[in-house]
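Colleague: Quick note, the sequence shown lines up with residues 1 to 53 if you use UniProt numbering. Beta carbons: idealized from backbone N, C-alpha and C, even for Gly.
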Amino acid sequence: MENSPIYAIFSRMFPTVGKDPLQLAGQQMITFILYSLTLITGLVVNLTGLSGP
1 MENSPIYAIF
11 SRMFPTVGKD
21 PLQLAGQQMI
31 TFILYSLTLI
41 TGLVVNLTGL
51 SGP
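1. In this structure, does DSSP put GLY26 in helix, strand or coil?
2. Tell me the rounded alpha-carbon separation between MET29 and LEU37.
3. So what does DSSP say about GLY49, is it helix, strand or coil?
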């Protein structure tokens with residue numbers, strides 16, 4: 001797991017990866033919330049037709 005390129009990218013993006021499990025869990029929660037908000041916003045825009053004529 002630690003040798004994968006994805007892990008290397010994430011460890012550059014988040015320097016705290018692998019150091020503190022509590023901080024890692026917090027970052028995952030923030031990422032998940034942001035991701036779900038983006039999905040919901042995209043769905044609302046698509047369903048209501050705000051993005052076009």
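Modeller: According to the structure data:
1. On the sequence shown, residue 26 is found 26 positions in, with the first residue counted as 1. In the three-state reduction of the DSSP assignment, GLY26 falls in the helix class, which pools H, G and I.
2. Position 29 of the sequence shown, counted from the start, is the residue given in the question as residue 29. Position 37 of the sequence shown, counted from the start, is the residue given in the question as residue 37. Computed Cα separation, rounded: 12 Å.
3. Counted from its first residue, the sequence shown places residue 49 at position 49. If DSSP states are grouped into helix, strand and coil, GLY49 belongs with coil.
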